[in-house]
Each structure stands twice: as C-alpha cells, then as structure tokens.
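Below is one structure, written out as structure tokens; comments come after it.
2 protein chains.
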Amino acid sequence: MKRACRASDGIMSFMQEVNVALVGLGNVGTGTLRILTENADQIALKLGFRLRARVLCSRNPSAKSLPADGGILVTSDWREAVAHPDVHVVAEMVGGTGVAREIVEAAIAGGKSVVTANKELLAQCGAEIWERSIKAGVNLGIEASVAGGIPILAVLREGIAGDKVVSLFGILNGTCNYILTEIEQHSTPFEAVLAEAQRLGYAEADPSADIDGYDARSKLAILAALAFGEKITPSDIYTEGIRRITPVDFQYAHQMGYTIRLVCSARQSARGLLLSVRPALLAQSTILASVRGSYNAVWVMGKYGQDTFYYGRGAGPLPTGVAVVSDLMRVAREIRSGSPDRVSPFAHERLGEYQPIPVTEHEAAYYLRFRVEDRPGIIARLAAILAARGISVDAVLQIPSENWRDLPFVITVQRTSERAIREAVSEMATQDFLVEAPLALPMETGL
Amino acid sequence: MKRACRASDGIMSFMQEVNVALVGLGNVGTGTLRILTENADQIALKLGFRLRARVLCSRNPSAKSLPADGGILVTSDWREAVAHPDVHVVAEMVGGTGVAREIVEAAIAGGKSVVTANKELLAQCGAEIWERSIKAGVNLGIEASVAGGIPILAVLREGIAGDKVVSLFGILNGTCNYILTEIEQHSTPFEAVLAEAQRLGYAEADPSADIDGYDARSKLAILAALAFGEKITPSDIYTEGIRRITPVDFQYAHQMGYTIRLVCSARQSARGLLLSVRPALLAQSTILASVRGSYNAVWVMGKYGQDTFYYGRGAGPLPTGVAVVSDLMRVAREIRSGSPDRVSPFAHERLGEYQPIPVTEHEAAYYLRFRVEDRPGIIARLAAILAARGISVDAVLQIPSENWRDLPFVITVQRTSERAIREAVSEMATQDFLVEAPLALPMETGL
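So the sequences go chain by chain: W and A.
The first sequence runs 400 to 846 under my numbering.
The second sequence runs 400 to 846 under my numbering.
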C-alpha cells in the first residue's frame with residue numbers, strides 16, 4: 400500500500416514512459432530488443448504509455464549492431480546499467496548463477512524491478528529473490544524462465560489461479576525433444592543425432608545440461624513451486640537424461656502404441672508430491688505424445704477445471720523475447736499503477752499437503768529393456784527376479800533384428816512401485832548374461 | 400491514480416476480505432460457488448486475504464441447496480444483491496442481454512467491480528461496458544465468457560501481450576465439436592447425433608445458438624477484439640453453421656487427409672482482417688484437427704512468438720467456474736492494491752491496420768460437394784462453370800456407396816477467392832441436375 404500512495408502523490412504520475420535496461424545481449428537479449436523496437440507502437444497502445452529500452456549492456460557492445468539512437472546508453476558495465484537513474488526495470492538476460500545473481504540483487508537493492516529469463520538462478524534461489532523483491536517493494540517477472548513463448552506462468556499465477564492443481568506434466572527441453580523425435584523418425588542412434596544437432600546449433604557444445612535433464616529440472620522446479628504453492632528445489636526432483644534411449648526403444652514403444660519423451664512431472668499422490676524428469680513411455684493417445692521437434696508443452700490437471708494443455712516454442716530469441724517483453728509490460732503497468740506486490744511465484748512456506756516425497760514411492764507400469772548374450776534360461780531368470788518382488792509380467796517382446804549382435808528384448812510389467820523395480824533391476828544387473836544394465840522406463844497412460 | 404490514492408488512505412487497507420455477490424445460480428453459478436467454498440483456504444493463501452461469497456442471488460433460491468451459513472445473504476432480488484453494502488464484486492452469471500445487462504450496469508454504476516461469463520452481452524456491447532467500468536473506476540473480468548476453462552483471455556491480455564498476433568484459429572463451441580466428432584467416428588447423420596446430444600443434455604432444446612454458429616461468433620468477437628486491439632462486432636463475422644455436414648463429407652475429408660471442424664478464424668491479410676465462423680476442412684497434420692469431443696482450443700500465430708496452442712474444457716460448471724473464480728481473484732487483488740485500470744479487453748478505437756473486411760476477400764482451396772441426379776455431362780458442366788471464373792480443379796472424387804440414391808461427389812479446387820467460389824456456386828445452383836445446392840467448405844492447411 401505504501402507504493403500505491405507514493406504513486407498517487409505525483410512521483411509516478413508525471414512519468415511518461417517506463418525505461419528498461421537490457422543486460423545481456425545474447426539470443427534472448429537481441430530478440431527482446433528487436434520486439435521492443437519494432438513493436439513499440441503497439442506496445443505503447445496496449446499500455447497507454449511508452450516502454451523504452453533506455454540502457455543496453457553487453458560484455459562487448461561494439462560487436463553487436465545496436466540501434467544508433469542518441470537516447471539509448473550503450474555500456475559494457477552492468478553496474479552502470481542497473482544504477483542508471485532513468486531505469487525503472489532491469490531485464491537480466493545474462494544467464495547462469497554468477498554475475499546474473501549480482502545483477503538481479505543489485506537491481507532489487509537499488510529499488511528497480513527485475514525481469515529475468517534465468518531458470519537456473521530462479522530454480523536455485525527464486526524464493527529468496529522473491530523475498531528480496533517483496534521487501535524492496537519492487538516487481539519480479541520470470542515468465543521467460545520456463546517454456547519460452549508459452550505463457551505458462553501467467554496461466555498458473557492468474558489464468559487458472561482458482562483451480563487446485565492435481566498434476567502437471569511437461570515437455571520442457573526442446574533439445575531433448577528434438578533429439579528424441581529425430582531418433583524416432585529416422586531410427587538414427589542418439590550419438591549421431593546429437594552430433595548433428597550440435598552442428599546445426601540446436602544443441603550446445605557441452606550438451607549435458609540439456610540431455611542429462613538439468614535444464615528441464617530447473618524449469619520443473621519453478622513450475623511446480625507455482626502450481627503447488629510449495630518451495631521446491633532442484634534436489635527434490637529425480638532426474639534422468641536421455642542418453643540411453645535407442646532407436647530400438649522406439650520400435651518397441653510404437654509396437655505397444657507408445658512413444659518416448661523426456662517427461663517432467665509433478666503429481667499429487669496420497670503420500671505427497673512426486674517430482675521427476677525422466678524419459679518415459681507415453682501412450683500415443685495422450686496429447687503430450689503429439690509434441691514433436693523442438694516444441695515445448697505443459698499439460699495440467701486441475702481438481703475443478705480438469706485438463707488444460709499449453710503448447711508452443713520452448714526457446715529461440717523471439718519466442719523467449721515475447722515472454723520477456725510481456726513481463727516487462729506487466730511490470731511497467733504495475734509500476735505505473737503503484738501495485739508491485741502481486742502474486743508470489745514462490746511459496747513462502749510448505750503447507751505439508753504437497754510435501755515432496757522420494758521417487759521410489761512412484762507407482763506405474765514399467766518398460767524394461769535388456770541387452771543380453773544369447774543363452775538359454777534368461778527369461779526364466781529375469782521373470783524369477785520380478786516374481787520374487789511380487790511384480791507381474793505383462794508381456795515379453797522381441798523384435799527380430801540383424802543389426803544387433805546382442806539381443807535387445809523387452810519385458811513390460813504391471814503397475815508396481817519404483818522401489819520394487821529398482822531392487823529388481825539391481826539384482827538383474829548382477830547377472831552375467833547382461834551386456835549392460837537394464838533400462839527401466841515408466842509407462843504413462845493417464846494424461 | 401485516483402483509486403490508488405483512495406486505497407491508500409485507509410478505506411481499503413482495513414478490509415480483511417473481499418466480498419462477492421453471485422448473481423445467477425445455474426450451472427456456472429453453482430460451479431463457482433462450489434469452488435469458492437471448497438477451495439477457500441487455498442484461494443486465501445494465494446491471495447493473502449479471504450474471498451468470500453457474501454450474497455447469493457437466484458430467481459428461486461429455495462429450489463437450490465445453498466450453504467446454510469449465517470454470514471451469507473440469500474435473495475431472489477438482484478437489486479438487493481448488487482446494492483448490498485458489503486459487496487465489492489458482482490459475479491453476473493445470469494446470461495443473455497436482458498436483465499444481465501441491467502445487473503452489470505447497476506453494479507458498475509454502484510461502484511462495484513464485475514466478473515461476467517456472459518459472451519452474448521460482451522460481444523454485443525463489451526466496449527461500452529468497459530468504458531463504463533473505466534469511468535466508474537471499477538474492474539471488469541470476462542475470462543469465463545470464452546472457452547470455459549482455457550485462460551485464453553489472460554494469455555492474450557498479459558501472457559503474450561508483447562507479441563503481435565497475425566492470426567487466431569479456434570474451436571469455440573463444444574456442442575458443435577461433439578456433434579462433428581460423433582458424425583466422424585460413427586458415421587451417424589447430423590439429425591440423429593443432435594437428437595442424442597439433446598437427450599444427454601449436451602445440446603439445448605433450441606440448438607440454433609450452438610449449431611448455427613452464433614455462440615461461437617460471440618466468442619470470436621471477444622477474442623478477436625482482444626487479439627487485434629480492434630472493435631469487433633458479431634456482424635463483422637461471417638457465420639455459417641454445421642447443419643449441412645454429413646458422414647460422407649467426413650469420408651471424403653479423411654480420404655484427402657483432412658477432418659471437418661467448426662473453425663473460428665481471425666486473420667490478418669494484406670487488405671484487412673478476415674473473420675469467420677464456418678465449417679472447414681482441416682488437414683489432419685494441424686494441431687486443431689486433433690481436438691475431439693466437447694473440448695475447445697485456440698491456436699494463435701504471433702509475428703514474434705510464432706505458434707502457441709491452448710486446449711481444455713470449453714464449458715461445464717466447474718471449468719467455467721475456475722475462470723470465474725480466477726477472475727474474481729484477480730479483481731479482488733486489484734481492488735486491494737487499488738489499481739482497477741488494467742488492460743483493456745476492448746479497443747477504444749480502430750487503428751485501421753486490422754479493419755475487418757468481407758469474407759469474399761478470403762482466399763483458400765475449396766471443397767465442393769454435390770448431390771446430383773445421375774446423368775451424363777454433369778462434371779463437364781460444373782468444370783466449365785469453374786473454368787469460366789479462372790478456378791482450377793484440383794481433383795474430382797467419388798466414393799462408391801449404395802446408401803445414397805443421389806450421388807454425392809466432390810470437386811476440390813485450387814486456391815481461389817471466396818467471391819469466385821460464391822459466384823460459381825450460385826450459377827451451379829441453377830443447374831437442374833442438382834438435388835441440393837453445392838456445399839462449399841474452405842480447406843485449411845497452414846495452421
């Protein structure tokens with residue numbers, strides 16, 4: 400309310416425009432600048448005032464072709480950008496948790512609102528940054544940190560705020576989805592697809608953050624915190640990447656009416672909140688199974704509104720730029736109307752209802768894929784290991800193939816606990832006929 | 400800014416809760432009441448204060464099983480509900496443009512904010528109601544008026560506000576989509592599916608608003624106004640219902656890799672904004688083609704963010720109730736923070752850039768279905784009529800069938816204007832071999 404009063408005593412009411420410092424002019428920064436510039440009139444019309452890039456900050460500004468507008472300050476010193484007296488909002492698009500954190504904290508300490516695309520920083524210390532913003536009476540916009548051009552945070556924060564989320568499933572890493580779709584469509588091995596993706600610039604030189612699931616995990620931490628009103632940290636989320644997925648896994652999946660995706664999930668169970676990022680078999684009848692290439696998507700089941708689904712470009716300078724600009728517009732509007740204390744994207748306390756629980760509590764049907772040296776009695780041995788833990792075999796599948804010296808075959812099992820599956824897989828891994836440890840993937844049908 | 404000052408001088412700051420009058424306790428009203436009651440704690444936690452149903456108004460309250468809470472006033476007099484001194488927000492869920500309009504106007508005149516699910520009223524005079532709200536310094540929430548549980552207005556108003564919408568396609572009438580999906584899946588004629596839908600309560604006794612496209616037209620008028628920042632009235636929208644769609648149309652569509660849906664579209668063309676609600680062939684590869692049953696969906700193409708897609712329950716007491724409650728939460732938050740002047744859902748002036756133009760300017764490939772008395776030379780005659788207008792035939796299709804005395808067959812034509820097609824169809828309709836006027840449907844592939 401203090402801010403509302405300040406707004407009305409005239410400080411803000413003479414402000415003809417809201418000024419932004421864009422800090423970091425990589426992909427997202429350049430996309431944001433382009434939209435702010437090209438779409439300036441429409442943005443002003445929607446807002447009723449101008450939203451202006453006042454300061455541009457880049458480590459090496461001379462390397463960029465920046466607008467030669469006398470009114471824009473170009474600097475390589477982020478402290479100058481953040482401290483500039485004309486700047487009302489700082490858009491942090493540097494990324495990472497080092498200098499980016501300093502930038503965000505300095506902006507908040509200086510009474511500037513912040514918009515950031517930084518999932519890593521938010522997943523790690525979003526709740527703390529939110530607390531600082533609240534105390535400083537400034538705004539925080541984080542839409543661009545998850546799922547690029549899909550306004551999923553606006554949806555959860557406001558659009559379906561009245562609902563009670565029961566579960567949330569997402570495809571949140573475009574690189575993984577692109578790689579999996581390529582393996583699926585062309586039966587190309589993982590390593591070859593990854594190399595091609597790197598050549599095309601779809602995957603990083605060091606691809607681990609994407610393909611090992613860490614990037615998706617950060618996004619899920621942010622989404623789940625908002626959806627369930629809980630403090631979620633990345634360490635609450637079981638994470639497994641896609642390195643072990645082979646063309647033959649898609650062959651088996653298709654044969655059963657499934658596909659394979661890197662599925663981010665957060666779901667309420669009787670015992671608590673189950674959180675995971677892992678490759679899973681998805682029934683072709685689910686809407687998430689139709690998400691191909693580098694697209695992202697989020698499927699939400701609410702207690703009241705039931706299922707809704709959101710789909711779009713998960714990355715790219717312009718889709719992510721739209722998220723940054725839309726957040727800047729919201730924050731600018733709130734600065735002008737003097738109401739910075741809006742919906743918290745991060746919970747302040749755990750309610751207990753959605754306490755994260757270990758993934759071993761998860762229950763599902765599972766797909767188990769084996770590569771073995773051919774000899775008699777293998778199926779009997781594996782089946783005995785499953786039976787000893789009360790796990791029922793659903794089917795045993797083997798697609799004939801000459802491309803594999805070893806023999807990949809699949810056992811699917813009926814609904815059981817992740818704990819039981821892990822114990823069985825551990826014991827199986829000690830069997831000397833195995834060429835590699837079994838691959839165990841949950842099978843999702845209920846979306 | 401006036402309101403912000405009022406808020407800060409203490410009137411609002413002592414308000415421990417925001418009180419709602421629910422006016423109209425039909426399907427949506429009952430759903431809203433249930434969510435407000437059952438989900439009260441979570442709503443309070445998200446808001447930081449309580450959102451309370453203070454007055455319930457229904458024509459016949461004794462017929463409803465209403466909560467026996469001493470703090471809730473139950474009345475059959477909407478004037479009492481609206482004027483009640485404790486009430487801050489009025490949720491109008493009566494529907495129609497008669498008494499509903501009086502309720503909305505009385506609430507605004509009395510300084511109360513309004514949340515409404517009334518698409519018909521908003522499509523007809525939404526811009527005027529918005530003007531009144533602005534002048535009175537109150538809020539207006541209209542999320543529930545379009546696409547039930549899909550928060551598409553929040554998405555357009557805020558989520559992707561930074562983008563410039565190029566085109567928007569929607570499936571906005573669940574009854575039509577249900578009927579079309581049933582015809583598609585079971586080859587049942589339209590009349591039989593409609594009768595069954597009426598028996599099950601999925602279609603009204605008088606089904607015209609749904610099946611003739613008027614309901615979808617109201618929703619598209621609201622969506623397009625928001626997406627393009629233009630004043631759109633229902634009369635700007637070419638509207639055609641689904642009564643003429645037969646099982647054989649689906650057979651032909653499938654044969655070509657298409658399905659048929661009632662497609663609401665708003666798209667920018669070089670000459671202006673093309674608006675229509677009409678059955679169309681949709682390529683199976685489009686994401687909208689996968690929308691089945693009573694679901695709704697909206698596909699948006701932005702200049703910067705590219706394609707995003709939103710999907711969910713288009714109707715039903717609880718999904719629509721989520722939209723009403725989420726709007727109530729937003730409005731309540733804005734009342735508390737003293738900033739009622741938010742994003743306009745209706746443009747105040749036409750910019751000209753998106754001036755609606757007649758549907759005859761539309762260009763597409765078309766599907767033409769004929770029922771004729773068998774005789775020689777028919778194809779030659781029809782082809783000559785098309786050729787005379789420079790329309791190129793793409794294919795002539797005839798599925799053998801014994802169920803039809805007359806012979807339905809199809810001619811598809813290459814991209815041409817709606818004007819040329821209409822002229823051709825008019826001339827064809829005068830040919831004495833036709834059993835009925837040709838059915839012409841545009842073919843959509845580019846979504």
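Just so it is clear, CB atoms sit at the ideal spot from N, CA and C, and this is done for glycine as well.
From a predicted model like this one, the values you see are computed outputs, not experimental measurements.
From which residue to which residue does the beta strand (DSSP E) around Met-700 of chain A run? Looking at the DSSP string, the run of the beta strand (DSSP E) that includes Met-700 of chain A is 694-701.
Counting along the chain, where does the alpha helix (DSSP H) carrying Leu-717 of chain A start and finish? Leu-717 of chain A: member of the alpha helix (DSSP H) spanning 716-736, first to last residue.
Which runs of the beta strand (DSSP E) at least 3 residues long sit entirely within the region 508-550 of chain W? Give them in chain order. Listed in chain order, they are 512-515.
Nearest-angstrom Cα separation, counted from Leu-421 of chain W out to Trp-529 of chain W: The C-alpha of Trp-529 of chain W lies about 20 Å from the C-alpha of Leu-421 of chain W.
If you follow the beta strand (DSSP E) that Ser-566 of chain A is part of, which residue opens it and which one closes it? DSSP places Ser-566 of chain A in the uninterrupted beta strand (DSSP E) bounded by 564-570.
For a contact meaning CB atoms closer than 9 Å, what does Ala-712 of chain W contact in chain A? Checking the sequence, you will find Arg at residue 712 of chain W rather than Ala. Gly-704, Gln-705, Asp-706 and Thr-707, listed in chain order.
Under the rule that 16 or more other beta-carbon atoms within 10 Å means buried, what is Ala-828 of chain W, buried or exposed? It is exposed - the Cβ of Ala-828 of chain W has fewer than 16 other Cβ atoms within 10 Å.
Three Cβ pairs or more, each shorter than 8 Å: is that satisfied between the region 813-833 of chain W and the region 658-671 of chain W? No, because fewer than three Cβ pairs between the region 813-833 of chain W and the region 658-671 of chain W fall closer than 8 Å, the two stretches do not touch.
Please confirm if Asp-614 of chain W has its CB atom under 9 Å from at least one CB of chain A. Output row for Asp-614 of chain W: interface = no.
For chain W, find out if any of its Cβ atoms is closer than 9 Å to the Cβ of Asn-438 of chain A; answer yes or no. Using a CB distance cut-off of 9 Å, Asn-438 of chain A counts as an interface residue toward chain W.
Limits of the unbroken alpha helix (DSSP H) element including Ala-594 of chain A: Per DSSP, Ala-594 of chain A belongs to the alpha helix (DSSP H) from 589-599.
C-beta neighbour in chain W for Ala-553 of chain A, strict 9 Å: Nearest CB-CB separation between Ala-553 of chain A and chain W: below the 9 Å threshold.
Show which residues of chain A have a CB atom less than 7 Å away from the CB atom of Asp-562 of chain W. Here the neighbours are Val-721.
For Ala-708 of chain A, write down the residues that DSSP places opposite it in a beta bridge. Going by the sequence as given, residue 708 of chain A is Phe instead of Ala. Looking at the DSSP output, Phe-708 of chain A bridges to W:Tyr-710 and A:Trp-698.
Test item: CB-CB of Asp-648 of chain W and Leu-838 of chain W under 9 Å: Cβ atoms of Asp-648 of chain W and Leu-838 of chain W: closer than 9 Å.
Through-space distance from Arg-788 of chain A to Thr-815 of chain A, alpha-carbon basis: So the two alpha carbons sit approximately 10 Å from each other.
Between Ser-461 of chain A and the rest of its own chain, which residues show a CB-CB distance below 6 Å, the 5 nearest in sequence each way excluded? Cβ contact annotation for Ser-461 of chain A (same chain, cutoff 6 Å, sequence separation greater than five): none.
Contact set between Gly-701 of chain A and chain W, taken where Cβ atoms lie within less than 7 Å: Within 7 Å Cβ-Cβ: Val-721.
Contacting positions in the region 658-670 of chain A - beta carbon closer than 9 Å to chain W: Contacts with chain W (Cβ-Cβ distance below 9 Å) from the region 658-670 of chain A involve no residue at all.
When you compare only the Cα positions, how much space is there between Ala-508 of chain W and Val-489 of chain W? Their Cα atoms are separated by approximately 12 Å.
Within the 9 Å Cβ cut-off, does Pro-678 of chain W reach chain A? No, no contact with chain A.
Can you tell me which of the three DSSP states Cys-404 of chain W falls into? Low local confidence applies: a pLDDT of 34 at Cys-404 of chain W is under 50, so the model's placement there is unreliable, with the coordinate-based value given in what follows. Cys-404 of chain W: helix per DSSP, three-state reduction.
Contact set between the region 808-836 of chain A and chain W, restricted to residues whose Cβ is under 9 Å from the partner: Listed by position, the residues of the region 808-836 of chain A near chain W (Cβ gap below 9 Å) amount to none.
Gly-628 of chain W touches chain A at which residues, Cβ-Cβ below 9 Å? By Cβ distance, chain A contributes Gln-441, Leu-444 and Lys-445.
Is the Cβ of Ile-434 of chain W closer than 9 Å to any Cβ of chain A? Closer than 9 Å to some Cβ of chain A, the Cβ of Ile-434 of chain W qualifies, so yes.
Check whether the Cβ of Glu-583 of chain A lies closer than 9 Å to any Cβ atom in chain W. With 9 Å as the cut-off, Glu-583 of chain A does not count as an interface residue toward chain W.
The alpha helix (DSSP H) spanning Thr-580 of chain W covers which residue range? For Thr-580 of chain W, the enclosing alpha helix (DSSP H) begins and ends at 573-585.
Since Leu-593 of chain W contacts Ile-610 of chain W with CB under 8 Å, what's their CB separation in whole angstroms? For a cut-off of 8 Å, the C-beta gap from Leu-593 of chain W to Ile-610 of chain W is around 7 Å, short enough to register as a contact.
Whole-angstrom C-beta distance between Val-809 of chain A and Tyr-766 of chain A, which should lie under 8 Å: Separation of the CB atoms of Tyr-766 of chain A and Val-809 of chain A is rounded to 6 Å, and the pair is thereby assigned contact status at 8 Å.
Distance, Cα to Cα, Leu-424 of chain W vs Val-493 of chain W? If you take the alpha carbons of Leu-424 of chain W and Val-493 of chain W, they lie about 8 Å apart.
If you measure beta-carbon to beta-carbon, which residues of the region 688-699 of chain A are closer than 7 Å to chain W? Going along the region 688-699 of chain A in chain order, one finds Ser-689 with a Cβ nearer than 7 Å to chain W.
9 Å Cβ cutoff, Glu-849 of chain A in contact with chain W: Shown here, chain A extends from 400 to 846; a query on residue 849 of chain A therefore has no answer.
Answer with yes or no whether the minimum CB distance from Gly-640 of chain A to chain W is below 9 Å. With a threshold of 9 Å between beta carbons, Gly-640 of chain A makes no contact with chain W.
Chain A beta carbons: is any one of them nearer than 9 Å to that of Val-427 of chain W? Under the Cβ criterion of 9 Å, Val-427 of chain W is not counted among the residues facing chain A.
Is it the case that the CB of Ala-499 of chain W approaches a heavy atom of the ligand HEM more closely than 8 Å? Here there are no bound small molecules, and the ligand HEM is not part of this structure.
Exposed or buried, Pro-550 of chain A, counting other C-beta atoms within 10 Å across all chains shown (16 or more means buried)? Buried: at least 16 other Cβ atoms inside 10 Å.
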